[in-house]
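Protein chains: 2
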Amino acid sequence: MSLTARPVDPAPLAHDRVYRHLRSRIMHGDIAPGQALTLRGLGKEYDVSMTPARESVRRLVAEGALSMSASGRISTPLLSNERIEELAALRALIEVELASRALPRAHLALIERLQNINARVGEAVAQRDAVSYIRTNLEFHRTLYLRAQAPAMLAMAETVWLQMGPTMNALYGRLRRTEPPQFHRLIIAALRAGDEPGLRLAVRSDVTQGLRMLAS
Amino acid sequence: MSLTARPVDPAPLAHDRVYRHLRSRIMHGDIAPGQALTLRGLGKEYDVSMTPARESVRRLVAEGALSMSASGRISTPLLSNERIEELAALRALIEVELASRALPRAHLALIERLQNINARVGEAVAQRDAVSYIRTNLEFHRTLYLRAQAPAMLAMAETVWLQMGPTMNALYGRLRRTEPPQFHRLIIAALRAGDEPGLRLAVRSDVTQGLRMLAS
DNA sequence: CTCGCCAAGGTGTGATCACAAAAAGGAATG
DNA sequence: CATTCCTTTTTGTGATCACACCTTGGCGAG
Numbered sequence: 650m651s652l653t654a655r656p657v658d659p660a661p662l663a664h665d666r667v668y669r670h671l672r673s674r675i676m677h678g679d680i681a682p683g684q685a686l687t688l689r690g691l692g693k694e695y696d697v698s699m700t701p702a703r704e705s706v707r708r709l710v711a712e713g714a715l716s717m718s719a720s721g722r723i724s725t726p727l728l729s730n731e732r733i734e735e736l737a738a739l740r741a742l743i744e745v746e747l748a749s750r751a752l753p754r755a756h757l758a759l760i761e762r763l764q765n766i767n768a769r770v771g772e773a774v775a776q777r778d779a780v781s782y783i784r785t786n787l788e789f790h791r792t793l794y795l796r797a798q799a800p801a802m803l804a805m806a807e808t809v810w811l812q813m814g815p816t817m818n819a820l821y822g823r824l825r826r827t828e829p830p831q832f833h834r835l836i837i838a839a840l841r842a843g844d845e846p847g848l849r850l851a852v853r854s855d856v857t858q859g860l861r862m863l864a865s
Numbered sequence: 650m651s652l653t654a655r656p657v658d659p660a661p662l663a664h665d666r667v668y669r670h671l672r673s674r675i676m677h678g679d680i681a682p683g684q685a686l687t688l689r690g691l692g693k694e695y696d697v698s699m700t701p702a703r704e705s706v707r708r709l710v711a712e713g714a715l716s717m718s719a720s721g722r723i724s725t726p727l728l729s730n731e732r733i734e735e736l737a738a739l740r741a742l743i744e745v746e747l748a749s750r751a752l753p754r755a756h757l758a759l760i761e762r763l764q765n766i767n768a769r770v771g772e773a774v775a776q777r778d779a780v781s782y783i784r785t786n787l788e789f790h791r792t793l794y795l796r797a798q799a800p801a802m803l804a805m806a807e808t809v810w811l812q813m814g815p816t817m818n819a820l821y822g823r824l825r826r827t828e829p830p831q832f833h834r835l836i837i838a839a840l841r842a843g844d845e846p847g848l849r850l851a852v853r854s855d856v857t858q859g860l861r862m863l864a865s
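For the protein sequence lines, the chains are A and B, in the order given. Here the first sequence is numbered in my numbering, starting from 650 and rising by one per residue. Here the second sequence is numbered in my numbering, starting from 650 and rising by one per residue.
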């Protein structure tokens, strides 16, 4: 057995490559809500046949990242305000629990890493770059939640992020603030202090903050 | 336009039929954990080609109802105790919220319907029929949660049920009780009284009760 | 009897094609 | 100018096939 290289990249499966790339684009708000996609178009874009394109689309539809009309047409979902409220409530429920479980394992190295990420969030906000903002913001949350050692919960949270992706871009496009997210600082402070109630409140506030933009 | 018939069943799509039937079997514990499946076998069983079988399997894998090995082999998932604990915690989080949202809309007709379903749960327990027990038990919960008017949350809860399906059967197979579920009565009583804290506690207890069987 | 090897069958993957249905475009009619 | 109808194009669905890989069963060497 070779010791110099990893077991070898076993399978750069076409459908998985398409799935991962599309998923990332959707989650980070790179595709507008309601945007239509076609299997042949995706196949052309990723240089594969319809078969892997179909599989990746089917997978994303199952996760709520894409929606299909009755006739099978594919598009990113257009979320109603009620559904956005639901998804935000789910984020609050799941992510507060994840943060709470991560708290006892959050050492100094993690907190410093969160501060570095938060600095990048601030840069993205200053540059009005919605996609970068969404990406670094989610990286902040994921870095914290990874410490919870709860993969099923984290997967659920990511599924919610995925469903909100296209809409988030449209929402943050209206955002005119230039200051970095205030609640991230509260999260970091609560982590330092080992303050569990404070952490729960800070995460809940951060997650539901975006809802206020709907009233504009 | 015809008034006697519905717009016509537009598409008994093969992959959707396979998906629905498989999903139901998995959610209700009709398939043992770790059971292997093959695309050609499923195609033969449902009298379709590999293509629809693949699509339905891909969808179920995306929902966590099936798992794939690194080489692409398909089987129902074998859950570790840690994952079972996580899924139970997710059920507690989401279903308590759903019940709480359903409470203000729960009228007498709904409560009576829940009592009828609960009677059927009791019969299934008395007959030691694990699949019937799981099916009627989930019907009890779904009937309540439908009143919450929160489709995204309900979908999340069903995804968790789906992931636990095969394992639930194995778990309830050990069950030797003959009395109907005690917490369902508490849920109904709390609904009658409009007692929100009591309802939350009853749902949480009912959902996490199964965990105690792991210690046996 | 145990272990290793090798061949045969089984399995998922991806490409291609025929088909039906839906959308799009344009011409003719009011 | 709007509307209806028809043709053309586009789109998703499902079947089939070739291919590479894994798994497994059996055989033979030690």
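For glycine and all other residues, C-beta sits at the position ideal for the given N, C-alpha and C. These numbers were taken from a predicted model, which means no experiment stands behind them.
Asked, Found
"Leaving aside the five residues before and after Arg796/A along the sequence, list all residues of the same chain whose C-beta is less than 7 Å from its C-beta, in chain order.", "Ala751, Arg754, Ala755 and Leu759"
"Using a beta-carbon distance cut-off of less than 7 Å, what residues from the segment 704-730 of chain B approach chain A?", "Glu704, Arg707, Arg708, Ala711, Glu712 and Ala719"
"Who are the neighbours of Ile743/B on chain A, taking C-beta pairs under 7 Å?", "Leu742"
"Would Tyr794/B pass as a contact of Glu744/B if the rule is Cβ separation under 8 Å?", "yes"
"Please confirm whether Arg754/B has its beta-carbon closer than 8 Å to some beta-carbon of chain A.", "no"
"Just to confirm the assignment, what range does the alpha helix (DSSP H) spanning Val780/A have?", "Ala779 to Leu795"
"In terms of alpha-carbon separation, which member of Asp844/A, Asp855/A, Gln858/A and Arg674/A lies closest to Ser749/A?", "Asp844/A"
"Residues of chain A with a CB under 7 Å from the CB of Met805/B: which are they?", "Leu739 and Met805"
"Would you grab the beta carbon distance between Met802/B and Leu739/A for me? Rounded to a whole angstrom, and I think it's under 8 Å.", "6 Å"
"Taking C-alpha atoms, which residue in Arg769/A, Gln764/A and Gln831/A lies nearest to Arg841/A?", "Gln764/A"
"Give the DSSP-derived three-state secondary structure of Leu688/A in the structure shown.", "helix"
"Buried or exposed: Gln831/B, going by 16 or more other Cβ atoms within 10 Å of its Cβ?", "exposed"
"Express the C-alpha separation of Glu704/A and Pro682/B in angstroms, rounding to a whole number.", "25 Å"
"Within 8 Å (strictly less), CB to CB, does Glu735/B reach chain A?", "yes"
"Which residues in the same chain as Trp810/B place their Cβ atom closer than 7 Å to its Cβ, once the five residues preceding and following it in sequence are excluded?", "Met676 and Leu787"
"Please state whether the Cβ-Cβ distance between Arg823/A and Arg708/B is less than 8 Å.", "no"
"Going by the beta-carbon positions, is the gap between Ser724/B and Ala685/B smaller than 8 Å?", "yes"
"For chain A, check one thing: does any of its Cβ atoms lie closer than 8 Å to the Cβ of Arg796/B?", "no"
"Do Val770/B and Thr792/B count as a contact pair if the criterion is CB distance below 8 Å?", "no"
"Out of curiosity, what's the CA-to-CA distance linking Asp778/B and Arg669/A?", "42 Å"
"How about Pro726/A and Pro815/A: do their beta carbons lie closer than 8 Å?", "yes"
"If you run the structure through DSSP and keep just helix, strand and coil, what is Ser651/A?", "Because the pLDDT of Ser651/A is 37, which lies under 50, any placement of that residue in the model is unreliable, and the number read from its coordinates should be weighed accordingly. DSSP places Ser651/A in coil when its eight states are reduced to three."
"Does the Cβ of Asp855/A have 16 or more other Cβ atoms within 10 Å, making it buried, or fewer, making it exposed?", "buried"
"Between which two residues does the alpha helix (DSSP H) containing Ile680/B stretch?", "Neither: Ile680/B is in no alpha helix (DSSP H) and is coded neither H nor E."
"Go ahead and pull the three-state DSSP assignment for Ser854/B.", "helix"
"Only counting the same chain, and skipping five residues up and downstream in sequence, which positions put a Cβ closer than 7 Å to that of His790/B?", "Glu744"
"Quick check: is the beta carbon of Ala663/A nearer than 8 Å to any beta carbon in chain B?", "no"
"Is it buried or exposed for Ala851/B, if we count other Cβ within 10 angstroms and need 16 for buried?", "buried"
"Does Met717/A pass the burial test, meaning 16 or more other C-beta atoms within 10 Å, or should it be called exposed?", "exposed"
"Taking buried to mean at least 16 other C-beta atoms within 10 Å of its own C-beta, is Gln812/A buried or exposed?", "buried"
"Taking a Cβ distance cut-off of 8 Å, strictly less, list which residues of the segment 830-852 of chain A are near chain B, in chain order.", "none"
"Taking C-beta pairs closer than 7 Å, name the residues in chain A that Ala799/B reaches, listed in chain order.", "Glu735"
"What residue range is occupied by the uninterrupted alpha helix (DSSP H) comprising Val710/B?", "Met699 to Ala711"
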